[in-house]
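Colleague: For the sequence shown, UniProt numbering gives the first residue as 1, with consecutive numbering after it. Cβ atoms here follow ideal geometry from the backbone N, Cα and C, with glycine treated the same way. On a predicted model such as this, the values are computed, not experimentally measured, just so you know. First, the structure itself, so that you have it in front of you.
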Amino acid sequence: MKASAILSELGLSTQADDGDIVVSSPIDGAIVARVRSHSTAEVDAALAAATAAHRRWRDVPAPRRGELVRLLGNKLREKKTALGHMITLETGKILQEGMGEVQEMIDICDFAVGLSRQLYGLTIASERPGHRMSESWHPLGVCTVISAFNFPAAVWSWNAALALVCGNSVIWKPSEKTPLTALAVDRILADAMAEFGDAPPGLACVINGGRAVGAQLVADPRSSIVSATGSTEMGRTVGVEVARRFGRSILELGGNNAGIVTGTADGELALRGIVFSAVGTAGQRCTTLRRLFVHESVYASTVERLKTLYGKIAIGDPLAAGTLMGPLIDAQSFERMQAALAQAKAEGGIVTGGERHAVAGCENGYYVRPAIVEMPSQTSVMLTETFAPILYVMKYRSFDEAIDANNAAAHGLSSCVFTTDLREAERFLSDAGSDCGIANVNIGPSGAEIGGAFGGEKDTGGGRESGSDAWKAYMRRATNTVNYSSALPLAQGIDFSI
Ligand code: NAD
1 MKASAILSEL GLSTQADDGD IVVSSPIDGA IVARVRSHST AEVDAALAAA
51 TAAHRRWRDV PAPRRGELVR LLGNKLREKK TALGHMITLE TGKILQEGMG
101 EVQEMIDICD FAVGLSRQLY GLTIASERPG HRMSESWHPL GVCTVISAFN
151 FPAAVWSWNA ALALVCGNSV IWKPSEKTPL TALAVDRILA DAMAEFGDAP
201 PGLACVINGG RAVGAQLVAD PRSSIVSATG STEMGRTVGV EVARRFGRSI
251 LELGGNNAGI VTGTADGELA LRGIVFSAVG TAGQRCTTLR RLFVHESVYA
301 STVERLKTLY GKIAIGDPLA AGTLMGPLID AQSFERMQAA LAQAKAEGGI
351 VTGGERHAVA GCENGYYVRP AIVEMPSQTS VMLTETFAPI LYVMKYRSFD
401 EAIDANNAAA HGLSSCVFTT DLREAERFLS DAGSDCGIAN VNIGPSGAEI
451 GGAFGGEKDT GGGRESGSDA WKAYMRRATN TVNYSSALPL AQGIDFSI
């Protein structure tokens with residue numbers, strides 16, 4: 001599918017206009033479109049419209065709100081191929097992963113539809129006679145979603161599907177590197193809304209722009225919830241700004257994810273898990289495997305086999321069948337990767353791969369060979385998230401040493417252990433094990449399912465999205481006490497008789 005065909009299939013204009021955001025495809029560097037940033041006044045108007053929409057939407061019964069999300073899921077099914085291509089065109093991830101991202105959107109819509117009938121509160125035993133206590137959940141207001149370039153659609157859907165069934169309106173500020181995917185999704189949602197019939201105007205919109213536009217949304221108290229996905233650097237600013245006005249934030253920030261290969265690991269399974277997690281999406285997932293700790297008894301054989309497998313990775317046009325690794329997002333990303341590799345060498349690392357890789361017809365794309373770096377110890381480069389396919393590998397002796405190494409990073413997103421020893425597996429998952437929001441056994445750290453809560457600790461920001469009870473972050477909780485007696489007993493046995 002050509003770029004123009006993808007855009008027209010999604011109802012987007014193929015005419016270049018005078019927009020200030022120039023969208024070029026990382027596949028070959030070709031300019032795909034220009035998109036206009038929204039002005040300060042337009043952002044203000046969007047916030048006003050979303051606030052008004054919320055007031056109407058909160059009165060719509062939750063199962064009926066779920067109907068809109070059900071229709072969205074259906075429209076996404078119809079547009080899966082075109083949207084999958086759009087994601088690949090704009091991010092450079094391979095088509096399988098572009099399509100997989102749309103599947104993830106469909107899955108979270110299904111989840112949210114079920115959830116729309118399960119926004120349960122509790123009944124609580126009251127200490128007073130003739131009293132009933134309960135807990136109820138209510139919509140919060142406007143949910144502002146700020147998303148990163150590497151999951152240009154799924155992150156919005158994790159938030160929006162839940163936020164909408166929970167009775168909130170949604171404003172989306174996508175990455176300035178991927179505004180077209182957002183506009184395409186906005187069109188698909190508009191189709192769902194048209195079929196739904198009576199969704200209030202302003203219920204969901206896309207606001208394009210860079211940091212300044214994001215900062216305006218973040219600072220505005222009408223953004224009741226700010227769900228921000230991106231770098232830890234961004235989260236440090238956004239988290240503080242939202243906290244300053246006591247708003248609610250869901251921070252989904254960087255990751256520096258590790259894996260442990262123990263002496264008892266199923267070697268073949270571990271290798272497959274490692275390669276997908278370290279090389280998939282060209283190392284540009286928040287959950288990418290970046291640090292690998294291998295027991296000394298299997299270190300040499302594991303590294304040797306990894307190098308062999310790395311040599312076989314098909315690197316090239318991500319739209320072409322058979323490609324397993326596409327380009328990096330841009331030149332800056334390539335430069336950061338090269339700088340990290342130089343630093344790793346200076347810190348005693350032995351680097352295999354990492355160089356630029358020529359792809360015929362895509363000379364302006366930044367394709368690289370994925371790198372394996374054997375490290376003598378966990379130095380500072382290894383403790384830094386470089387958003388590129390670099391896998392640092394290190395030997396360990398005792399399992400406790402490996403767990404400590406896993407937890408030594410500032411980030412706490414995802415982690416895994418490859419072992420067939422039950423004690424090691426359970427210890428890794430225990431209170432004394434991995435300190436990450438995601439801890440897996442015999443599966444790499446990337447590729448989470450939507451059914452679980454997604455997110456991580458420490459420099460990853462602490463937010464949770466998607467499954468489990470992540471929906472609670474999109475609602476406010478009220479504790480209700482009802483006195484159905486004719487007396488007025490006070491709690492804690494207080495006597496206040498006059
Ligand atoms: P980025 O931080 O450069 O940008 C992310 C978004 O934040 C963009 O929309 C950007 O415009 C906006 N932004 C930046 N500064 C802002 C500010 N001061 N106020 C408001 N908005 C601001 O990140 P990126 O390069 O697009 O993405 C890569 C990073 O995202 C990596 O660190 C990766 O680990 C992380 N990420 C995390 C998750 C997760 O769920 N934890 C998922 C995907 C990506």
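1. Tell me where the beta strand (DSSP E) around H295 begins and ends.
2. Roughly how many whole angstroms lie between the Cα atoms of I313 and D28?
3. Assuming V142 contacts T51 (C-beta within less than 8 Å), just tell me the rounded distance between them.
4. Run through DSSP, which three-state label would residue 499 get?
5. Look at the Cβ atom of G437, then the Cβ atom of T420, and state whether they are nearer than 8 Å.
6. Tell me which same chain residues have a C-beta within less than 6 Å of the C-beta of F151, skipping the five on either side of it?
7. Grouping DSSP H, G and I as helix and E and B as strand, with all else coil, what is V275?
8. For A473, which residues in the same chain have their Cβ closer than 6 Å to its Cβ, ignoring the five residues on either side in sequence?
9. Within its chain, find whatever has a CB closer than 7 Å to the CB of K345; leave out the 5 residues flanking it on each side and keep chain order.
10. Would you tell me roughly how many angstroms separate the C-alpha atoms of R58 and G92, rounded to the nearest one?
11. Are there any heavy atoms of ligand 1 lying less than 7 Å away from the beta-carbon of R211, as far as the coordinates show?
12. With DSSP collapsed to three states, give me the class of A50.
13. Along the chain, where does the beta strand (DSSP E) containing I494 start, and where does it finish?
14. Please tell me whether, using a cut-off of 7 Å, the distance from the CB of S277 to the nearest non-hydrogen atom of ligand 1 is below it.
15. Taking the alpha-carbon of F399 as reference, which of A371, S434, G114 and V373 has the nearest alpha-carbon?
16. Buried or exposed: where does T302 fall if 16 or more other Cβ atoms within 10 Å of its Cβ makes it buried?
17. Skipping 5 residues on each side, what residues in its chain have a beta carbon closer than 7 Å to that of R128?
18. Check the C-beta distance from P370 over to V279 and give it rounded, since I have them as a contact under 8 Å.
19. Would you mind working out which of E401, S157 and E385 sits nearest F293, comparing C-alpha positions?
20. Going residue by residue through the region 190 to 218, where are the continuous alpha helix (DSSP H) segments of at least 4 residues, counting only ones entirely within it?
21. Can you determine whether any heavy atom of ligand 1 sits closer than 7 Å to the C-beta of M234, and answer yes or no?
22. At a threshold of 7 Å, does T237 count as lining ligand 1 (C-beta to nearest heavy atom)?
23. Measure the C-alpha to C-alpha separation of D495 and T479 and round it to an integer number of angstroms.
24. Please classify P445 as buried or exposed, where buried requires at least 16 other C-beta atoms within 10 Å of its C-beta.
25. Could you tell me if the beta carbon of P129 falls within a distance shorter than 7 Å of some heavy atom in ligand 1?
26. Below 8 Å between beta carbons: does that hold for N408 and L383?
27. Less than 7 Å separating the Cβ of A161 from some heavy atom of ligand 1?
28. Taking contact to mean 3 or more Cβ pairs, one atom from each stretch, closer than 8 Å, check whether the region 211 to 218 and the region 237 to 257 are in contact.
29. For M133, which residues from the same chain have a beta carbon less than 6 Å from its beta carbon, with the 5 sequence-adjacent residues on both sides left out?
30. Using a threshold of 7 Å, is the CB atom of N150 nearer than that to any non-hydrogen atom of ligand 1?
31. Using only alpha-carbon positions, find the residue among Y396, M325 and E347 that is nearest to G365.
32. With a threshold of 7 Å (Cβ to nearest heavy atom), would C286 be considered close to ligand 1?
33. For a quick check, are the C-beta atoms of V226 and I108 less than 8 Å apart?
34. Residues in the same chain with beta-carbon distance under 7 Å from A425, minus the five sequence neighbours each way, listed in chain order, please.
35. Quick one: give me the first and last residue of the alpha helix (DSSP H) that W158 is part of.
36. Taking all protein chains shown into account, do 16 or more other C-beta atoms lie within 10 angstroms of the C-beta of F111, making it buried, or fewer, making it exposed?
Modeller: According to the data block:
1. L289 to H295
2. 20 Å
3. 6 Å
4. No statement about residue 499 is possible, as the shown extent of the chain runs from 1 to 498 and does not include it.
5. no
6. none
7. helix
8. I250
9. V351
10. 39 Å
11. yes
12. helix
13. Note, I494: premise wrong, no beta strand (DSSP E); not H, not E.
14. no
15. S434
16. buried
17. P489 and A491
18. 5 Å
19. E401
20. none
21. yes
22. yes
23. 23 Å
24. buried
25. no
26. For clarity, residue 408 is Ala in the given sequence; the question names Asn instead. Against a cut-off of 8 Å, the Cβ pair of L383 and A408 comes out as a contact.
27. no
28. yes
29. I124, S126 and T481
30. yes
31. M325
32. yes
33. no
34. V417, T419 and V441
35. A154 to V165
36. buried
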